[in-house]
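Peer 1: Sharing a structure below in structure tokens format, with a few things to ask.
Residue numbers (the working numbering): 105 to 630.
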């Protein structure tokens with residue numbers, strides 16, 4: 105969920121505007137957005153949003169938040185193609201100005217000069233930003249790695265990066281994701297060899313799952329299909345979209361023709377290879393639907409599923425659920441633990457050390473990773489000779505120059521949720537109520553009262569999520585009695601009567617279950 109703000113001479117620019125995906129602590133929610141309260145208050149001084157590349161954690165919040173900011177976007181052609189699709193889906197293309205910047209080009213926003221410098225990553229047009237200001241230059245890496253044999257695009261060379269360092273760099277704002285890896289991430293070209301070996305050995309159908317946005321891997325898989333004499337089928341709307349945008353931007357020009365699901369199922373199993381979304385266990389993605397027999401693509405005993413992606417921490421349960429279902433069917437599975445079928449898009453320690461050598465910054469500012477990753481990169485950079493470093497937490501306001509680096513303040517940050525079509529605070533009353541209902545259940549009490557607030561008839565009780573099971577009827581009778589007794593005691597103030605009934609019913613629920621459910625009381629006047 106990357107959002108970076110740079111301020112100079114009273115003006116601001118934003119680099120990236122991403123989202124993240126919800127976990128079970130956000131019931132009923134799929135997407136988490138950043139809280140932009142600080143820059144929204146200062147949006148008259150915001151000059152634009154500059155995007156480094158097209159991954160969701162860097163561009164995903166644009167369709168939900170960019171229109172309110174009211175500033176133009178700047179992106180290279182492939183990234184712009186992905187953004188345009190998002191704006192069209194939301195119907196806001198006329199509300200958000202999207203500027204397409206040619207690869208390797210420069211532009212100016214107020215006191216900020218921007219130059220796109222391509223770096224290898226797992227998506228076309230991964231870019232670093234060289235940001236020039238009157239106080240010094242910032243080299244903002246975005247997500248990156250080193251790859252001697254990149255499949256898509258031409259990354260900046262060691263000579264070009266060294267030339268940046270020769271001109272002097274104030275701060276290197278650098279990806280920390282793989283700082284604990286002692287080896288380099290590896291080349292995409294080597295993955296093709298590993299996938300070739302695995303898929304040549306397979307005797308049945310083969311399904312390979314990877315990140316849809318990893319267009320370099322999609323290109324690799326197209327080559328693997330040719331290498332192994334298999335017809336290629338693509339399953340997943342996000343894959344279709346990435347392939348379409350990549351071809352429009354001049355990539356994947358030699359990608360083999362694909363066949364539809366029906367044709368794939370008619371072919372002999374040995375003659376087909378499927379690329380599918382869902383390797384992180386997403387319930388609605390193609391792989392999950394295949395695993396649970398709700399997709400036109402069917403797999404059976406002896407077929408093979410290759411997970412050509414890294415398991416993201418937090419997704420273990422969701423991925424395990426799908427892998428268990430595949431195992432029940434007798435399907436063979438191959439992950440990066442069994443074969444060389446994946447390389448990361450982020451730099452290991454050898455790559456970081458080379459970047460320090462080329463850029464030679466005065467300051468290292470680690471980003472992109474958990475606190476332990478960023479703290480380790482600051483330590484590692486110091487070990488490699490970077491003179492100064494500072495580890496930033498979300499909301500920290502830092503001065504890089506003059507007299508930096510120094511923390512000078514802290515601004516509000518946080519999370520918003522996209523709940524249906526509504527954007528809400530992640531810690532607001534709606535989500536807190538939903539968490540309580542999810543954890544404790546809910547009891548609804550309806551009481552008929554006359555003009556003197558006396559009980560008429562019996563209270564009506566309904567329950568959801570209360571762990572009484574076969575004792576349900578007995579519990580309902582007891583809760584009904586508690587509500588009736590509380591009503592008979594009376595209260596002149598209606599709110600006090602409601603609270604008396606609520607506490608009485610909840611007390612009975614605690615006695616029966618040990619849990620404190622949400623109790624909602626309403627009156628009918630007769």
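Cβ coordinates follow ideal geometry from the N, Cα and C atoms, glycine included.
Looking at the structure shown, is residue 568 part of a helix, part of a strand, or coil, going by DSSP?
Peer 2: As a position in the chain shown, residue 568 is number 464, starting the count at 1. Residue state, collapsed to three classes: strand.
Peer 1: Can you tell me where the beta strand (DSSP E) with residue 111 in it begins and where it stops?
Peer 2: Within the chain shown, residue 111 is the residue found at index 7, counting from 1. Residue 111 -> beta strand (DSSP E) spans 108-112.
Peer 1: In whole angstroms, what separates the C-alpha of residue 546 from that of residue 610?
Peer 2: Here the question's residue 546 lines up with position 442 in the chain shown. Here the question's residue 610 lines up with position 506 in the chain shown. Residue 546 and residue 610: Cα-Cα distance of roughly 10 Å.
Peer 1: Is it true that the CB of residue 279 sits closer than 8 Å to the CB of residue 471?
Peer 2: Sequence index remark: in the chain shown, residue 471 carries index 367 (1-based). Sequence index remark: in the chain shown, residue 279 carries index 175 (1-based). Contact flag set, yes.
Peer 1: From which residue to which residue does the alpha helix (DSSP H) around residue 368 run?
Peer 2: As a first step, residue 368 is located in the chain shown; it is residue number 264 there, counting from the start. 365-370 is the span of the alpha helix (DSSP H), which, as asked, contains residue 368.
Peer 1: The alpha helix (DSSP H) with residue 477 in it runs from where to where?
Peer 2: Locating residue 477 in the chain shown gives position 373, counting from the first residue. 475-487 is the span of the alpha helix (DSSP H), which, as asked, contains residue 477.
Peer 1: Run through the DSSP bridge pairs and tell me what residue 387 is partnered with.
Peer 2: The count along the chain shown starts at 1 and reaches residue 387 at position 283. BP columns for residue 387 are empty, so no partner.
Peer 1: Quick check on residue 247: does DSSP put it in helix, strand or coil?
Peer 2: For the purposes of this step, residue 247 is identified with residue 143 of the chain shown, where counting begins at 1. It is coil, neither helix nor strand.
Peer 1: Thinking just about the alpha-carbon of each residue, which of 235, 109, 120, 285 is nearest to the one in residue 268?
Peer 2: Translated into positions along the chain shown, residue 268 becomes position 164. Of the candidates 235, 109, 120, 285, the one whose C-alpha sits nearest the C-alpha of residue 268 is 235.
Peer 1: Determine the direct distance from the alpha carbon of residue 243 to that of residue 479, and round the result to whole angstroms.
Peer 2: Locating residue 479 in the chain shown gives position 375, where the first residue counts as 1. Locating residue 243 in the chain shown gives position 139, where the first residue counts as 1. Distance between the alpha carbons of residue 479 and residue 243 is about 19 Å.
Peer 1: According to the Cβ coordinates, are residue 276 and residue 154 closer than 8 Å?
Peer 2: If you number the chain shown from 1, residue 276 lands on position 172. If you number the chain shown from 1, residue 154 lands on position 50. No; because the gap between Cβ atoms is not below 8 Å, this pair is not in contact.
Peer 1: Helix, strand or coil: which one does DSSP assign to residue 57?
Peer 2: Only positions 105 to 630 of the chain appear in this structure, which leaves residue 57 out of reach.
Peer 1: For the beta strand (DSSP E) that residue 552 lies in, which residues bound it at each end?
Peer 2: Taking the first residue of the chain shown as 1, we reach residue 552 at position 448. Where residue 552 is concerned, the enclosing beta strand (DSSP E) stretches over 546-553.
Peer 1: Compute the distance between the beta-carbons of residue 335 and residue 359, then report whether it is under 8 Å.
Peer 2: Here residue 335 refers to the residue found at position 231 of the chain shown. Here residue 359 refers to the residue found at position 255 of the chain shown. It is not a contact, given that the beta carbons lie outside the stated cut-off.
Peer 1: Please return the same chain residues whose Cβ sits closer than 8 Å to the Cβ of residue 262, not counting the five positions on each side in sequence.
Peer 2: Start at 1 with the first residue of the chain shown, and residue 262 comes out as number 158. Within the same chain, residue 262 has close Cβ partners 458, 462.
Peer 1: Using CA atoms only, rank isn't needed, just tell me which of 499, 176, 141, 229 is closest to residue 213.
Peer 2: Position 109 of the chain shown, counted from the first residue, corresponds to residue 213. Comparing Cα-Cα distances from residue 213 to each of 499, 176, 141, 229, the minimum goes to 176.
Peer 1: Would you report the Cα separation of residue 337 and residue 363, rounded to the nearest angstrom?
Peer 2: Mapped onto the chain shown, residue 337 falls at position 233. Mapped onto the chain shown, residue 363 falls at position 259. Their backbone Cα atoms lie some 5 Å apart in a straight line.
Peer 1: Helix, strand or coil: how does DSSP classify residue 203 here?
Peer 2: Reading the chain shown from its first residue, position 99 is the one you call residue 203. Correct three-state label for residue 203: strand.
Peer 1: Within its chain, find whatever has a CB closer than 6 Å to the CB of residue 628; leave out the 5 residues flanking it on each side and keep chain order.
Peer 2: Taking the chain shown and counting its residues from 1, the one referred to as residue 628 is at position 524. Contacts found: 552.
Peer 1: Considering only the beta carbon of each residue, do residue 200 and residue 165 sit closer than 8 Å?
Peer 2: Indexing the chain shown from 1 puts residue 200 at position 96. Indexing the chain shown from 1 puts residue 165 at position 61. No, Cβ-Cβ distance for residue 200 and residue 165 is not below 8 Å.
Peer 1: Please list the terminal residues of the continuous beta strand (DSSP E) segment that includes residue 513.
Peer 2: The residue you call residue 513 lines up with position 409 of the chain shown. From DSSP, the beta strand (DSSP E) with residue 513 extends over 510-514.
Peer 1: Expressed to the nearest angstrom, what Euclidean distance is found between the alpha-carbon atoms of residue 569 and residue 137?
Peer 2: Within the chain shown, residue 569 is the residue found at index 465, counting from 1. Within the chain shown, residue 137 is the residue found at index 33, counting from 1. Their Cα atoms are separated by approximately 29 Å.
Peer 1: Does the beta carbon of residue 204 sit closer than 8 Å to a beta carbon anywhere in chain D?
Peer 2: Reference to chain D is not applicable here, since this structure consists of a single protein chain.
Peer 1: Label residue 626 either buried or exposed according to how many other C-beta atoms from any shown protein chain fall within 10 Å of its C-beta, with 16 as the threshold for buried.
Peer 2: Position 522 of the chain shown, counted from the first residue, corresponds to residue 626. When all chains shown are included, residue 626 counts as exposed.
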